[in-house]
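What follows is a short report on a single structure.
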Amino acid sequence: MQRSVVLSLLSLTLFFLAFPLTLSQPGAPAGLKADESAYYLMALSLAHDQDLQLRAEDTERVFREFPFRWVPNLIVMTDDGWQTAFYGKPYIYPLFAAPFAALFGARGLLFFNMALMTGMVWLGTAYLRRFNGDGTSALFSGLFFLLSSAFAYVFWIQTEVFNMAAIFLALYLGFRPDEGAAEGRPWRPLLSGAVLALAVYNKPMFAALALPLLFVDLPGRRWRRMGAWVLGFSLGLGAVAGLAVALTGHATPYLGVVRQGVTICEPGVMPIEPVAAEPTPEPTAEPSAATQAARQAASSPTGNAWSWLFRVPQIDPALLAENVGYFLWGRHTGFFLYMPFAALAVLFFLLHGRRSGARWVLMASLALVALYFLVFIYFNWHGGGGFIGNRYFVSLYPAFLFLVKEVRPKWPLALVSGLAGLFLSPILFTPLNSLGPEPTLQHHVRSFPYRFFPLELSLRNVPGYQREPFGEGRVVVRKDQALVFGEQLWLRAADRVELWWITTEPLGKTVFQINNLALKNTVRLELEGAEEELHFRAGEETRRIELQPQRPGRIRSHPEGKLFVYRLTVTTESGRVRTWTRHNPPSVCPAFAQNLEVEDSFPVGIQLTYLGDGAALDADLYELEWGPAQVPAEAAPRARLEVPVSLTNRSAHAWPNRGPARVKLAYHWRGEDGEMVDFEGRRTELPAPVPPGASVEVPIEVVAPPAPGIYQLEIDPVYEHVAWFSQKNGGDTLRATVEVRR
3 MQRSVVLSLL SLTLFFLAFP LTLSQPGAPA GLKADESAYY LMALSLAHDQ DLQLRAEDTE
63 RVFREFPFRW VPNLIVMTDD GWQTAFYGKP YIYPLFAAPF AALFGARGLL FFNMALMTGM
123 VWLGTAYLRR FNGDGTSALF SGLFFLLSSA FAYVFWIQTE VFNMAAIFLA LYLGFRPDEG
183 AAEGRPWRPL LSGAVLALAV YNKPMFAALA LPLLFVDLPG RRWRRMGAWV LGFSLGLGAV
243 AGLAVALTGH ATPYLGVVRQ GVTICEPGVM PIEPVAAEPT PEPTAEPSAA TQAARQAASS
303 PTGNAWSWLF RVPQIDPALL AENVGYFLWG RHTGFFLYMP FAALAVLFFL LHGRRSGARW
363 VLMASLALVA LYFLVFIYFN WHGGGGFIGN RYFVSLYPAF LFLVKEVRPK WPLALVSGLA
423 GLFLSPILFT PLNSLGPEPT LQHHVRSFPY RFFPLELSLR NVPGYQREPF GEGRVVVRKD
483 QALVFGEQLW LRAADRVELW WITTEPLGKT VFQINNLALK NTVRLELEGA EEELHFRAGE
543 ETRRIELQPQ RPGRIRSHPE GKLFVYRLTV TTESGRVRTW TRHNPPSVCP AFAQNLEVED
603 SFPVGIQLTY LGDGAALDAD LYELEWGPAQ VPAEAAPRAR LEVPVSLTNR SAHAWPNRGP
663 ARVKLAYHWR GEDGEMVDFE GRRTELPAPV PPGASVEVPI EVVAPPAPGI YQLEIDPVYE
723 HVAWFSQKNG GDTLRATVEV RR
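See below:
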C-alpha cells in the first residue's frame with residue numbers, strides 16, 4: 003500500500019481512537035439508553051467478578067459513572083424466582099470489551115467500538131485493493147463506513163458494531179484474494195466460520211450469511227474448504243454456548259425461565275425482590291401467578307423468548323408491502339437514507355460483479371434476513387425505541403462492501419457523499435444526540451430533507467411522536483410541534499406542522515375552527531388536495547373553515563379492517579407564547595425527584611379545533627318537545643341548583659353526546675325587564691346519544707345570579723360550536739321565574 007495512503011489511514015485512526023477516551027459522559031441523555039445497561043454491567047461484571055450474575059455490588063458500579071438518572075430496562079433472567087439473577091442479553095460483546103471496561107469504564111466500551119470501526123476501514127481498504135488502486139480503495143472504504151448510520155453506533159454501548167465487525171471479518175476471510183484458485187490457506191475458512199458464529203450467537207438470523215461463504219467454494223468443489231468452514235462455525239458456536247452454560251446454566255439467555263426488564267433505582271440495592279418458593283401444585287391445580295407470568299413472558303412479543311423468535315408468522319401481504327417501502331425509503335429507517343453507500347455498492351455490483359455467483363447469493367442472504375425482520379417482527383423490525391436508522395439491519399451493513407469489485411466510475415462517490423451530508427450530517431456531527439424541545443434519539447429527522455419521505459405508521463414505537471385520539475380516529479404528530487388537548491391542537495408558531503390523521507372511515511367535508519393568537523398571521527392548511535389560506539390582520543380572531551379531502555393519502559391494512567390516512571399540514575408565519583401545565587407520571591424511583599406538574603411554555607401559531615363532519619354540522623336537529631321540569635321558585639345569590647328536566651328529540655337526526663360539536667344542556671338568565679343578564683350558562687352533558695323520537699331526563703346544574711331580584715331562567719340546549727337550539731327553532735326554550743333573595 004502506498005505510504006501516503008497508510009499515513010492518511012493511520013492519522014484518521016489515531017484521531018478517531020482518541021475521541022471516545024475524551025468524552026466526559028458517553029451518551030445522551032444523561033444515562034443509559036435502550037439495552038445499554040445490560041451490556042455495560044455485563045462487561046464490568048466479567049472484568050471484576052468473572053461471572054454474569056447480577057449482585058447488589060453491580061448496581062454500585064453503574065452509579066459511579068451514571069449518577070444523575072435511574073437505570074431503566076436492565077434485561078435479566080432467572081430460573082429460581084429471582085433467588086439468583088443473571089443478565090439476560092448475549093454475553094459475547096461484553097466478553098471481548100471487558101478489558102477496556104476495566105481500564106476506562108463506559109468510555110472503554112466506546113473505544114472498543116471505535117477500534118472495531120476503524121479496523122473495518124483498514125480491512126475494507128485491503129479487500130478493495132484486490133481490484134482497485136490504493137487511493138480509490140481507501141477513499142471508498144472510509145466513506146462507506148463513516149458516512150452511514152453505522153458510525154453512530156460507535157457511541158452506543160450495544161452489540162451492533164461488534165456484530166458488524168464479526169460479519170465483516172467472516173466475509174473478508176471467506177471472500178479470499180485467490181477467488182477461483184485452488185484450495186488456498188486452510189485456516190481462512192476455519193476462522194471465517196468461527197467468527198460468524200459470534201454474530202449468529204447474538205442474532206441467530208445472521209446464519210443466512212453462511213450461504214455465500216459456502217457457495218464461494220461450491221463451483222470449484224472445494225469440499226475441504228467447505229468442511230473447514232462448517233467445522234469452524236460449529237466449534238465457534240459450541241464454544242460460545244458452552245461457556246454460556248458454565249456462566250448462567252443456559253446456552254443462551256433467551257432460554258431462561260423468566261426474562262424481563264427491571265429498573266435500578268439506588269446503588270447497592272437489588273432491582274428485584276426474590277419470590278418465595280411455592281409448594282409443587284397438584285396436577286389439576288391452577289398454575290400459580292409466577293408460573294402464569296413466566297408463561298406470558300415466554301409467549302408474548304415483549305418476552306422476546308426463543309420460541310417467539312422462531313414461531314410460525316402470520317403474513318399480511320399488504321402490510322408486508324408497506325413495510326418494504328418503509329424499509330427502503332422511511333424517514334426513520336430507510337435503507338437509501340441511512341446507508342447510501344450500500345446502495346452505491348449494489349450499483350457497482352450490478353455494473354462489475356454480477357458474474358459472481360457468490361455475490362448474488364450474498365445479495366439473496368441479505369434480502370432473506372431483511373425479510374425475516376419484516377415478517378416476524380412486523381411491528382418492530384427497526385429496533386424498538388432505541389434506534390438510529392434501522393438498528394436490527396445495520397449489523398449487516400458491512401456485508402454490502404463485498405458486493406463491490408471495481409469502483410468505477412468514480413464520480414458517484416462525490417454525489418453520494420453530498421446526499422449523505424443532507425441526511426446524515428446531524429447524526430455524524432452530534433452522535434451523542436442533539437438537544438432541543440422534546441429531545442429524542444431521532445432528532446435528526448426534524449431537518450427538512452426528511453419531510454419528503456414517509457412516516458413509518460406500521461411501527462409500534464417511533465419516539466418523538468404522539469398518537470392521540472382526534473375526531474373519529476387518532477392523530478400522529480411530532481411532540482415538539484403540537485400539544486393535543488382533546489379535539490383542540492396547539493400548533494407550533496412559524497413552522498410547517500405535519501399531522502397524520504388516521505380514521506376507520508373515509509373523511510367527507512371536515513370543519514375546523516381556527517383561533518389566531520398573533521397580531522398578524524398567515525395560515526395555510528392542506529388536507530390531501532384541499533387547500534385554504536387565511537390572512538389574519540386584526541389580532542386575536544376566530545374563523546371556521548371547511549376542507550374536503552379528495553382521497554386518503556394512504557389506505558393501510560389492519561386486522562380489524564382498513565385504515566384511511568390523511569396528511570394535514572398547517573403552516574403559520576407567526577404566533578404567541580402561551581403557558582400550559584405538563585403532567586408527568588410519578589417517578590419510578592422515589593430517590594429521584596420528579597415534579598408531577600410543571601409549568602411550561604409553547605409558541606402557538608394557531609389553536610386548531612376539529613368540529614366534525616360538515617354534513618353532521620349542517621343537520622337540522624333542533625326540534626324538541628319539553629317535558630316537566632322542577633325549577634325552584636327561590637334561590638340564594640350564586641347558589642348551585644340542580645334542576646331535573648326532561649325533553650324529547652323531535653328532529654330527524656340524533657343528538658350526539660361526543661366530539662367537539664355535541665349537544666349539551668345550558669341556560670340563560672334574563673332580568674325582570676327581559677334584558678339578558680347571563681347568556682353563557684353552565685353546560686351539562688347528555689348521558690348518551692339521543693336518537694329521533696327518544697326522550698331523556700337530565701339533572702342540569704344551574705348557578706343563580708349574584709344580585710337579588712326577579713329573574714327568568716331559560717333552559718336552552720346548545721349544539722356546541724354550531725348554534726343554540728333557540729336560534730334555530732323559533733326560541734323554544736323552557737322558561738321559569740326564580741326569585742333570588744338573600
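Its first residue numbered 3, the sequence shown is counted upward by one per residue in this note's numbering. All residues carry an ideal CB built from backbone N, CA and C; glycine is no exception.
Sixteen is the threshold: since fewer than 16 other Cβ atoms of the shown chains lie within 10 Å of the Cβ of HIS585, the residue is exposed. The straight-line gap separating the alpha-carbon atoms of TRP628 and GLU682 is approximately 21 angstroms. Across the set PRO69, LEU145, LEU111, the C-alpha of LEU145 shows the shortest separation from the C-alpha of MET122. Contact between the stretch 387-400 and the stretch 337-356 is present: three or more C-beta pairs spanning the two stretches fall below 8 angstroms. Separation of the CB atoms of TRP158 and PHE594 is rounded to 23 angstroms, and the pair is thereby denied contact status at 8 angstroms.
For VAL163, the enclosing alpha helix (DSSP H) covers residues 162-176. Proximity to VAL479 across ASN517, TYR568, LYS522, VAL409 peaks at TYR568, based on C-alpha coordinates.
Secondary structure note for ARG664: it is in no beta strand (DSSP E), with a DSSP letter that is neither H nor E.
Inclusion of ASP615 and THR506 in the CB contact set at 8 angstroms is not warranted, their separation being larger than that value. In the structure shown, GLN609 falls within a strand segment according to DSSP collapsed to helix, strand and coil. In the same chain as ALA372, and ignoring 5 residues on each side of it, the C-beta atoms closer than 7 angstroms to its own belong to PHE329, PHE395, in chain order. Fewer than three Cβ pairs drawn from the stretch 605-614 and the stretch 673-687 lie within less than 8 angstroms of each other, which leaves the two stretches out of contact. Bridge partners of ALA532 according to DSSP: LEU529. Put simply, the backbone Cα of GLY673 is about 26 angstroms away from that of HIS723. For LEU688, the three-state secondary structure derived from DSSP is coil.
Under the three-state reduction of DSSP, GLY386 is assigned to coil, being neither helix nor strand.
In this structure THR254 is not in contact with LEU54, their Cβ atoms being roughly 12 angstroms apart against a cut-off of 8 angstroms.
In the DSSP annotation of this structure, the continuous segment of the alpha helix (DSSP H) that includes TRP413 starts and ends at 413-431.
In the structure shown, SER47 falls within a helical segment according to DSSP collapsed to helix, strand and coil.
With a beta-carbon spacing of about 4 angstroms, PRO191 and TRP231 fall inside the 8 angstroms limit used to define contacts. Between GLU500 and THR571, the beta carbon gap of about 5 angstroms places them in contact (Cβ cut-off 8 angstroms). Listed as beta-bridge partners of ASP318 by DSSP are no residues whatsoever. By the CB criterion at 8 angstroms, ARG333 and PHE455 fall inside the cutoff. Boundaries of the alpha helix (DSSP H) around THR120: 108-130. Taking ARG469 as reference, the option from ARG453, GLU489, ASN518, TYR452 with the minimal CA-CA separation is GLU489.
The three-state reading of DSSP puts GLU59 in helix, counting H, G and I together. Membership of LEU346 in the alpha helix (DSSP H) is indicated by the continuous run 342-350. For the stretch 554-600, the continuous beta strand (DSSP E) assignments of 3+ residues that do not extend past its boundaries occur at 556-558, 565-574, 578-585, in sequence order.
Within the model, the alpha-carbon separation for ALA210 versus HIS384 is close to 19 angstroms. Rounded to whole angstroms, the Cβ separation of ASN517 and THR574 is 12 angstroms, and the two are not in contact under 8 angstroms.
Classified as exposed, TRP413 has fewer than 16 neighbouring CB atoms from the shown chains inside 10 Å of its CB.
Per DSSP, reduced to three states, the secondary structure at GLY336 is coil, with no helix or strand assignment. The beta-carbon distance between ALA347 and PHE402, rounded to whole angstroms, is 4 angstroms. This is short enough to meet the 8 angstroms contact definition. Annotation: GLU162 to TYR452 spans about 24 angstroms, alpha carbon to alpha carbon. Taking 8 angstroms as the upper bound for CB-CB distance, PHE106 and PHE98 are not in contact here, some 15 angstroms apart.
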